[in-house]
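Working notes, beginning with the structure itself.
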Amino acid sequence: MGEAITRRDWMAGSAAALLAASCARPVRTTQSETTIVRAEAYDQRLYDIVRRLVASHRLAVRGRPVVIKPNLVEFEPESAINTHPLLVHAACEAFLALGASRVTIAEGPGHRRNTLDLAEAAGYFQTIPDFEDRFVDLNVDEVTLVDLPQRFSRLKRVYLPNTMLGAALVVSMPKMKTHHWTGATLSMKNLFGVVPGGVYGWPKNVLHWAGIHESIADLHSVFPRQFALVDGVVGMEGNGPIQGVPKPMGVLVAGTDPVAVDATCCRLMRIDPARIGYLRLASGAPAEFAESNVRQAGEPIAALARPFALIPQFRGLRLESGA
Amino acid sequence: MTTAKLLEQQNPDGGWPYRRGGSWTEPTVYAVLALAAAGEWATAERGLVWIRAGQRDDGGWQARPGVGESCWVTSLAVLLPAERLGVKRHQRATAWLSATTGLESTTVYRVRQWLMGSQAATETQAPGWPWVTGSAAWVSPTSLAILALDRENRLHPAPGLASRIEAGRRFLINRMCKGGGWNHGSVRALGYESAAYPETTGMALAALRGCRGRETDQSLDLAVRFLDECRSADALNWLRLGLAAHGRMPGGYTPPAGITYRTVPEVATSILADGALGGKSAFWI
């Protein structure tokens with residue numbers, strides 16, 4: 001991308017960076033602890049489940065801004081495409097209860113431009129009070145050019161929304177789904193939605209040309225303070241992320257290390273995390289996705305794992321028994 | 324829809340935001356086109372000043388100040404009358420747009436594919452337009468570029484423009500979904516057919532104005548069905564524009580309840596769709 005920034009733009013960008021830096025005090029986390037809890041349905045019980053789940057991770061968000069990034073993709077509210085709005089509202093309440101100064105819901109869909117209409121169709125307006133006041137369309141937010149710290153892809157820098165850069169904690173809330181390009185779409189792939197369509201278009205095709213797995217790993221590296229909360233109450237199997245079949249799993253998976261959380265989700269889906277490209281790229285050494293490196297809290301994987309149907313091209317991702 | 328809502332949202336710098344915040348090129352051009360359609364050129368002039376100031380050295384426009392790369396919004400600027408934008412500015416913008424293609428159509432990419440033994444894909448034979456340079460062509464930027472260049476070509480015919488427009492239309496036909504209509508431009512993934520969207524179907528139909536054939540007819544039928552299902556102002560506006568371009572808007576149509584006009588482009592294109600249905604379009608002549 002070019003970078004002919006005017007002085008005014010540079011000053012605006014610097015202000016945003018300063019804002020991000022002021023929030024950069026490390027959030028106290030418990031590294032690579034991943035929690036699985038049962039959540040059988042999208043009902044009022046979710047509020048208590050999520051409040052306790054979030055509290056258990058001892059996130060230092062008091063007095064700081066939190067941004068929740070759900071996964072909004074398509075207009076079908078009855079499908080398992082979008083993160084359920086009740087779960088998103090439960091997360092908002094949980095972070096406010098922890099003392100967050102502000103909880104913003106933010107998303108930048110990759111195919112459909114009408115973000116608020118998408119949110120309305122997905123039930124967000126009806127479920128979340130004052131939704132419009134809490135929501136930022138990341139596709140058309142103010143942006144800052146950010147150097148990519150790791151450079152897994154050939155992109156050196158990327159424009160990102162100031163709302164995301166100013167967050168003390170980014171809460172990635174994807175749906176637990178298979179994906180026809182990456183095998184599985186979870187908390188890390190969900191970060192594609194932070195790339196502004198207003199700058200890169202719909203779809204955000206620059207990321208595809210730079211390598212999908214590599215771009216996911218790049219985006220993950222930009223946000224060191226994340227909390228992943230995966231909607232696995234009803235996931236999607238088969239030809240995800242849009243045309244697949246709902247898969248009731250009755251779980252939520254959460255943790256401060258998205259690599260570990262996504263690897264745990266893969267195991268629940270009976271997908272081998274070692275065969276997911278972006279997990280391999282983003283994983284440190286020793287591999288964060290290795291089961292022995294994830295401290296598993298809550299329900300055991302073995303009790304809840306159920307194989308997600310995979311399209312023929314991805315059958316090689318299947319986690320072998322006992323792996 | 325009236326222009327009052329647009330005037331409320333104009334930024335002090337003369338441009339418009341999508342909803343709130345800083346000015347972007349897309350909402351600003353749509354707002355100016357809508358004000359002009361309403362005969363409010365005096366009000367539109369501040370927006371035009373903002374637009375003129377944003378033209379880059381290469382002739383194109385960036386999505387918003389500071390982004391630093393010319394992109395698809397240049398098509399929208401070319402839709403502005405040359406005498407308002409400035410004739411030389413308009414010529415440079417048209418030249419930038421004419422020379423822009425998706426990365427998959429470039430010689431370097433095609434040679435690389437040939438060396439790798441890949442068959443040239445159909446779309447590489449009919450170049451469309453990308454959202455940003457360095458990426459592939461897609462339906463929306465291609466449709467807008469065709470609308471802009473076709474308007475220009477009717478005013479000032481040029482063989483180069485005509486051939487690009489014709490190739491762009493073939494790109495759209497190649498990217499039509501099974502059963503008619505268009506999504507963002509991905510007809511199928513790993514062998515699975517993808518569904519059409521109302522907004523991109525309307526936009527592509529507008530770009531195919533004057534084109535007859537089975538594909539267009541099939542997509543027009545779908546667009547009429549979409550009218551009663553669409554759940555966004557953006558979709559409704561572009562369906563109306565696409566059907567107006569072919570004289571196929573059903574008489575006595577009543578939009579579904581609950582359509583909300585939330586963004587500046589939605590308000591502005593609604594005004595432009597009203598104009599097109601009334602026989603006066605900013606998108607074609």
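Here the protein sequences line up with chains A and B, keeping their order.
Okay, so the first sequence: first residue is 1 according to our numbering, each after it adds one.
Okay, so the second sequence: first residue is 324 according to our numbering, each after it adds one.
Ideal Cβ placement from N, Cα and C applies to all residues, glycine included.
Neighbour-count burial assignment, residue i, 16 or more Cβ in a 10 Å radius
i: isoleucine 608 of chain B; result: exposed
i: glycine 574 of chain B; result: exposed
i: tyrosine 515 of chain B; result: exposed
i: lysine 247 of chain A; result: buried
i: proline 149 of chain A; result: exposed
i: threonine 465 of chain B; result: buried
i: valine 170 of chain A; result: buried
i: alanine 15 of chain A; result: With a pLDDT of 48 at alanine 15 of chain A, under the threshold of 50, the modelled position of that residue is not reliable, and the figure given next carries that caveat. The residue is exposed, with fewer than 16 neighbouring Cβ atoms inside 10 Å.
i: glutamate 351 of chain A; result: Any answer about residue 351 of chain A is impossible in this case: the structure gives chain A only from 1 up to 323.
i: serine 292 of chain A; result: exposed
i: proline 26 of chain A; result: In this prediction, proline 26 of chain A has a pLDDT of 37, which is less than 50 and means its spatial position is unreliable; what the coordinates show is noted afterwards. Proline 26 of chain A comes out exposed.
i: valine 401 of chain B; result: buried
i: glutamine 313 of chain A; result: exposed
i: glutamate 320 of chain A; result: exposed
For residue i: DSSP bridge partner residues
i: cysteine 394 of chain B; result: B:Val455
i: alanine 512 of chain B; result: B:Tyr515
i: isoleucine 68 of chain A; result: A:Ile105 and A:Val171
i: methionine 236 of chain A; result: A:Lys177 and A:Pro246
i: aspartate 137 of chain A; result: A:Glu107
i: glutamine 226 of chain A; result: A:Val170
i: leucine 145 of chain A; result: A:Tyr159
i: tryptophan 384 of chain B; result: B:Gln378
i: glutamate 33 of chain A; result: A:Arg295
i: isoleucine 271 of chain A; result: A:Arg318
i: arginine 477 of chain B; result: Beta-bridge pairing links arginine 477 of chain B to no other residue.
i: alanine 460 of chain B; result: B:Pro453
i: aspartate 231 of chain A; result: A:Lys175 and A:Leu252
i: arginine 62 of chain A; result: A:Ala100
i: tyrosine 520 of chain B; result: B:Trp505
i: arginine 306 of chain A; result: In DSSP, arginine 306 of chain A forms no bridge with anything.
i: arginine 38 of chain A; result: A:Val251
Start and end residues, beta strand (DSSP E) containing residue i
i: lysine 247 of chain A; result: 245–255
Minimum C-alpha distance to residue i - residue among the options
i: alanine 405 of chain B; options: B:Pro453, B:Leu356 and B:Glu392; result: B:Leu356
i: leucine 252 of chain A; options: A:Gly110, A:Leu186 and A:His213; result: A:Leu186
i: aspartate 551 of chain B; options: B:Gln541, B:Arg563 and B:Asp540; result: B:Arg563
i: valine 396 of chain B; options: B:Gly409, B:Leu420, B:Leu408 and B:Ala359; result: B:Leu420
i: valine 222 of chain A; options: A:Pro241, A:Arg318 and A:Lys156; result: A:Lys156
i: alanine 471 of chain B; options: B:Ala460, B:Ala459 and B:Gly491; result: B:Gly491
i: arginine 493 of chain B; options: B:Arg477, B:Trp339 and B:Thr539; result: B:Thr539
i: leucine 207 of chain A; options: A:Lys177, A:Val158 and A:Gly244; result: A:Val158
i: methionine 164 of chain A; options: A:Val194, A:Asp147, A:Pro174 and A:Ala254; result: A:Val194
i: alanine 527 of chain B; options: B:Ser428, B:Ile594, B:Leu545 and B:Leu513; result: B:Leu545
i: valine 399 of chain A; options: A:Thr256, A:Leu319 and A:Arg267; result: Because residue 399 of chain A is not part of the residues shown, which for chain A are 1 to 323, the question remains open.
i: alanine 556 of chain B; options: B:Arg532, B:Arg537 and B:Asp597; result: B:Asp597
i: glutamine 541 of chain B; options: B:Thr326, B:Gly503 and B:Arg511; result: B:Gly503
i: arginine 474 of chain B; options: B:Glu331, B:Arg554, B:Arg571 and B:Ile488; result: B:Ile488
i: valine 230 of chain A; options: A:Pro161, A:Phe125 and A:Ala90; result: A:Ala90
i: proline 161 of chain A; options: A:Ala168, A:His180, A:Val140 and A:Arg151; result: A:Val140
i: serine 407 of chain A; options: A:Ala122, A:Glu132, A:Leu317 and A:Ala297; result: Here chain A covers residues 1 to 323 and nothing more, so residue 407 of chain A does not appear.
i: glycine 602 of chain B; options: B:Gly581, B:Pro480, B:Leu566 and B:Tyr584; result: B:Leu566
i: proline 129 of chain A; options: A:His111, A:Ala167 and A:Pro85; result: A:Pro85
i: glycine 277 of chain A; options: A:Ala290, A:Tyr47, A:Ile216 and A:Gln226; result: A:Ile216
Terminal residues of the alpha helix (DSSP H) in which residue i lies
i: threonine 326 of chain A; result: Residue 326 of chain A is absent from the model: chain A starts at 1 and stops at 323.
i: glutamine 414 of chain B; result: 410–421
i: threonine 115 of chain A; result: 115–121
i: aspartate 544 of chain B; result: 537–550
i: proline 300 of chain A; result: No alpha helix (DSSP H) contains proline 300 of chain A, which DSSP labels as neither H nor E.
i: glutamate 363 of chain B; result: Here glutamate 363 of chain B belongs to no alpha helix (DSSP H), and DSSP marks it neither H nor E.
i: threonine 577 of chain B; result: Neither: threonine 577 of chain B is in no alpha helix (DSSP H) and is coded neither H nor E.
i: threonine 82 of chain A; result: The sequence shown places asparagine at residue 82 of chain A, rather than the threonine named in the question. Where asparagine 82 of chain A is concerned, there is no enclosing alpha helix (DSSP H), given that its DSSP letter is neither H nor E.
Residue-level contact to chain E via CB, residue i, 9 Å cutoff
i: glycine 201 of chain A; result: In the displayed structure, chain E is absent; the protein chains listed are A and B.
heavy atom of the ligand ZN below 8 Å from residue i C-beta
i: glutamate 427 of chain B; result: You won't find the ligand ZN in this model; it holds no ligand whatsoever.
### Task
Inspect the CB distances between the stretch 70–88 of chain A and the stretch 113–123 of chain A and report whether three or more fall short of 8 Å.
yes
### Query
Per the contact definition of three or more C-beta pairs closer than 8 Å, is the stretch 190–204 of chain A in contact with the stretch 268–277 of chain A?
no
#### Entry: Inter-stretch contact at 8 Å, needing at least 3 Cβ pairs: the stretch 452–468 of chain B / the stretch 386–403 of chain B
They touch, by the three-pair rule.
### Query
Do the stretch 98–115 of chain A and the stretch 58–72 of chain A make contact, defined as three or more Cβ pairs closer than 8 Å?
Verdict: yes, contact present.
### Query
On the three-pair Cβ rule with 8 Å, is the stretch 484–500 of chain B touching the stretch 512–531 of chain B?
By the criterion of at least three beta-carbon pairs nearer than 8 Å, the stretch 484–500 of chain B is in contact with the stretch 512–531 of chain B.
### Task
Indicate whether the contact test is met: 3 or more Cβ pairs, each with one atom in the stretch 583–593 of chain B and one in the stretch 337–353 of chain B, closer than 8 Å.
yes
### Query
Hey, is the stretch 128–146 of chain A in contact with the stretch 172–182 of chain A, meaning 3+ C-beta pairs nearer than 8 Å?
no
### Message
Below 8 Å, how does it come out for the stretch 278–285 of chain A and the stretch 226–243 of chain A: are there three or more Cβ pairs, yes or no?
### Response
no
### Query
How do the stretch 356–368 of chain B and the stretch 304–313 of chain A stand: do at least 3 beta-carbon pairs fall below 8 Å, yes or no?
Touching, no, given that fewer than three Cβ pairs across the two stretches are closer than 8 Å.
### Query
Do the stretch 425–432 of chain B and the stretch 373–384 of chain B meet, that is, are 3 or more Cβ pairs less than 8 Å apart?
In short, these stretches do not touch, since the Cβ pair count stays below three.
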